[in-house]
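Following: one structure in C-alpha cells, then a few remarks.
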Amino acid sequence: MNTQSIPYALHRRGLSISLLLLSSVLMSSLVTAPVQAAGKKSAPAATAKTDQKIPRLANGKPDFSGIWQTTSAADYDLEPHSNRKDAPPSAGIVDGGEIPYLPKALEQKKKNFEARATDDPALKGYTLGVPRGIYYPEPFQIFQRDKDLFLVHQFGHSVRTIYTNKTDHPEDPNDWWLGDSRGHWDGDTLVVDVRHFNDKTWLDHAGNFHSDALHIVEKWQFLDNNTIAYNATIEDPNVFSRPWTINVVLYRHREKNFQLIEDYRYTLDYDQYYPPKPDKK
Amino acid sequence: MKKTLHHRSLTVSGMMIATLSLISINTIAAEESKKQEDAKPAATEQKAQTPNPAGSGIAKETRFPNIASGAWKGAKLPDGQPDIQGHWSNTIGNHNNFTDPQGGLPNDPNPNRAPKNAREDRAPSRVSDPADGQVPFQPWAAEKVKQFQAKFHDPTEPQFVEPLARCAPAGVPKSLYWHGYEIAQYPDYVVFFFDSGSRIIHLDGKPHLPSNIKLWNGDSRGHWEGNTLVVDVDNHNGKALFGRTGEFISENGKIQERYIFNEDGTRFNYEGVFTDPTVYTRPFTVTIPARKWTEKDTPNGWHFQTSIATHSGKEIILDHEERICSENNGGFGLGAVETKK
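Top line first, the protein sequences correspond to chains A and Z.
First residue of the first sequence? That's 30 in my numbering, and the numbers climb one at a time after it.
First residue of the second sequence? That's -18 in my numbering, and the numbers climb one at a time after it.
Structure, rendered in C-alpha cells:
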C-alpha cells in the first residue's frame, strides 16, 4: 500500500466516520429492525410493510423525490471486514456474506484491494457507477416525474436517468459509466433493469469490481416516509460465479435548507489556473 | 458492451474536431442566410423547424425576436409554474466567440475559417448592454483576455487551455450555448440538465450557501414572474470561461438572470446582468436566444441531442444518452487520463 495515501483517505473519510457514529447512536432504535430484516431476507422489499401514507405522485406511484444517503459502511467494503487503517468494521451488505468471485477475478480483486489507496477510481473523481453511487457516503437527489427519475449525485454531479415510460434498453448502445436504466412498477416497488456498463468503475473502495457485462436489477421501496429499502442483484458472468444481492437502507436528508453542493472532484487538479487574476506587483 | 469507452472517447474528440471544422461551414452559411427582421418570429420558427440532417452543426440565426416580460398564458404545472419542460438550445452559435457568435476564433491560424461576411450580417454580440457589444473589462482583465486569445491556439501554459476542453463544467452562462439541454420542473425546482454539468434552480426561497463555498455552476435561487424565470446566481467560482475567447467573471461576481418565455413556449431569451467590481468597470447584460425542440424534430446530435427510444408502441419517445463529457471526468472523455498511463 502507498502509505502516503493513507492520511488522504482517512481525511476524506473522517467526516463520514463521525457522521456514521453519530447517526448510528441517534437512529439505532429506529433502524435496527428494518436493517436486520433486510439483512436476513434476500428480498426485503417484498416483506417490508409500507406505510400507506408514503409520498405519492399524482398518478399514485410512490414518490421518491428527495435527498438520500446511506449511513452504512458499504462503500468502504461491501463484504464483512474487521477494522483497518482506512475503514471501520462492518458486517457487510452482501447476502450470504461474501461475493462469489470466479477464481481469476478473485485474484484481480485482491490486486485491486492492495492498490486501493491509489487505484480506486473514486479517488480520481470518476463517476461512481451503479450501484456504488447509491451507497457512497455523499447525498444524491431524486427528481421524479411519471416518465422518469433523474438521480443527481453530489459526487461528480453525475446525472443518471431511470426511464419509467415503458421503453426498453437501446439495441446497440455505447457503454456507459452509469449504464442504461429502465424501470417499471411492481406494486409500490420500483424495479430497475440496468445494463450496458463500461468496466471502469469499482463497486467499493476495497477493489470489488465488475466487467462491461455487468447487469443489475434494483428494487426501491419505502420502509416509511423517510426511509428507502434499496436492494440490488448483481450479475456479471465474466467476474462472478452466480448473481448476488446487496441491501442498504437510505435515509432522507431532513436538515433545514439541506441541498446538494456540486462536488466536481476531478477538476481540483487544474482549477487553480482559472479565472485570470491581476498580476502581482 | 459492443462499443468500448475508447470508441466513445473518439466520438467526443471527433466531435471537437468536427466543431472546429464546422466553423467554416457555419460562416459560409451565415453569409448565405438572409437577414431576418426583428419582429418575425414566425419566419424564424419556420426555419428552425426544418429538420437538420444528423450532425448538421451549430445554429446560425442572425436575428432573433425580442420577448417582453409579462403574463404567462400557456399551460401550467399543478404547482403553478409555467410548463416549459423539454429540450432546448441556443440559436446563434456555440462558444467559439462570445461577443461575435458567428465570427469564428480570433487569431485563427487557419485563415479559411475566418468569417467572410460583414459584421452586421452576423448575429449580434451576446453583450446587449453596453451598446458596443463588448464586456466592460477593467484594463488588467482586458489584457488577460487578449493574452488568452493569443495563446488559445498554442496553449503553452495551463491557464490557456479552455477549461471545457478538460471536461470541466461549462458553467454560467456558457452551458446555454454549448450543446442542447433539457429543462425539467418539479415542485420547488427548475433543473437544467446540460451536456456539461447541471444546474438546480431552487424556488423555495432558502438562503444561498455560505459565501466561502464556490461552485462551477454557482448556487441558484429562482422564482417566476409571469412568463419570466428570475434567477439569482451566487457562490460562483468564476472558473468556467464564457467561451474560447476567454471572457470571464471572478469568484466575486454575481449574476441576475431572466429567462423570458414567449407566448407559445417555443422560445425564450436569456437576459443576464453580470456584476463584478473586481473585473468590470460596470455591470453588463448578456442576451442569449433559445428555442425548443420536440418529438416533431429530428435529433441532430448537437442542439437536439436526443435519440429515439426503443419500445413496442408507435409514437416517438425521446431518450437522452448519459451526459458523458463532464460526468466522464477527463479531457475529451478520458482521453487525457488514458494516455497518461
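Heads up, the beta-carbon is just placed ideally off N, CA and C, and yes, glycines get one too.
Applying the 10 Å Cβ sphere with the 16-neighbour rule, what's the burial state of G126 (chain A)?
exposed
Please list, in chain order, all residues of the same chain as K155 (chain Z) whose beta carbon is under 8 Å from its beta carbon, the five residues on each side excluded.
H76, L145, A221, L222, F223, G224
I'd like the span of the alpha helix (DSSP H) that includes Q128 (chain Z), first residue to last.
120 to 132
With 8 Å as the threshold, decide whether the Cβ of T388 (chain A) is near any Cβ in chain Z.
Here chain A covers residues 30 to 310 and nothing more, so residue 388 (chain A) does not appear.
May I ask you to verify whether the region 206 to 219 of chain A touches the region 141 to 161 of chain A, counting CB pairs closer than 8 Å and requiring at least 3?
yes
Would you kindly report the start and end of the unbroken alpha helix (DSSP H) that includes F255 (chain Z)?
For F255 (chain Z), there is no enclosing alpha helix (DSSP H); the residue is part of the beta strand (DSSP E) that begins and ends at 248 to 256.
In chain A, what lies closer than 8 Å to D300 (chain Z) by C-beta?
Y192, T196, P199
Contact list for I181 (chain Z) against chain A, beta-carbon separation under 8 Å
Q170, V181, Q288, L289
On a Cα-Cα basis, can you pick out the residue from A:P199, A:Q301, A:V220, A:E167 that is closest to Y105 (chain A)?
A:E167
For a cutoff of 8 Å on Cβ pairs, would you count R304 (chain Z) as touching chain A?
yes
Secondary structure at T147 (chain A), three-state DSSP: helix, strand or coil?
DSSP places T147 (chain A) in helix when its eight states are reduced to three.
CB contact check: Q145 (chain A) to chain Z, cutoff 8 Å:
Correcting the residue identity first, residue 145 (chain A) is Arg in this sequence and not Gln. False, the Cβ-Cβ gap to chain Z never drops below 8 Å.
P168 (chain A) CB to nearest heavy atom of the ligand MN below 7 Å:
Annotation note on the ligand MN: not contained in the displayed structure, which lists no ligands.
Boundaries (first-last residue) of the beta strand (DSSP E) holding I164 (chain Z):
162 to 167
For D298 (chain A), which of helix, strand or coil comes out of DSSP?
Coil at D298 (chain A), not helix or strand.
Buried or exposed: where does T61 (chain A) fall if 16 or more other Cβ atoms within 10 Å of its Cβ makes it buried?
Annotation note: pLDDT 38 at T61 (chain A) (below 50); position unreliable, coordinate value reported separately. Exposed is the call here.
At 3 residues or longer, what runs of the beta strand (DSSP E) sit wholly inside the region 120 to 181 of chain A?
Runs of beta strand (DSSP E) with 3 or more residues, each lying fully within the region 120 to 181 of chain A, are found at 169 to 173, listed in chain order.
So, does the CB of H239 (chain A) fall closer than 8 Å to a CB anywhere in chain Z?
no
Where R304 (chain Z) falls: helix, strand or coil (DSSP):
coil
Spatially closest choice to G161 (chain Z) from Z:E244, Z:E42, Z:G67, by CA coordinates
Z:G67
Measure the alpha-carbon distance for L58 (chain Z) versus R294 (chain A) and round it to whole angstroms.
36 Å
Taking buried to mean at least 16 other C-beta atoms within 10 Å of its own C-beta, is S231 (chain Z) buried or exposed?
buried
Which of helix, strand or coil does DSSP assign to D113 (chain Z)?
coil
Measure the alpha-carbon distance for A134 (chain A) versus N141 (chain A) and round it to whole angstroms.
10 Å
Which residues in the same chain have their Cβ closer than 8 Å to the Cβ of H282 (chain A), if we skip the five residues on either side of it in sequence?
The residues are G95, I96, W97, Q98, P168.
Quick check: what's the CA-CA separation for V188 (chain A) versus K310 (chain A)?
44 Å
Using a Cβ-Cβ distance cut-off of 8 Å, determine whether V223 (chain A) contacts chain Z.
Answer no: the Cβ-Cβ gap between V223 (chain A) and chain Z never drops below 8 Å.
I'd like the list of long-range same chain contacts for P90 (chain Z), defined as Cβ closer than 6 Å, with 5 residues on each side in sequence excluded.
If we look at P90 (chain Z) and ignore the five residues flanking it on each side, its Cβ neighbours are H134.
Which whole runs of the beta strand (DSSP E) in the region 237 to 261 of chain A are 3 residues long or more, in chain order?
244 to 253
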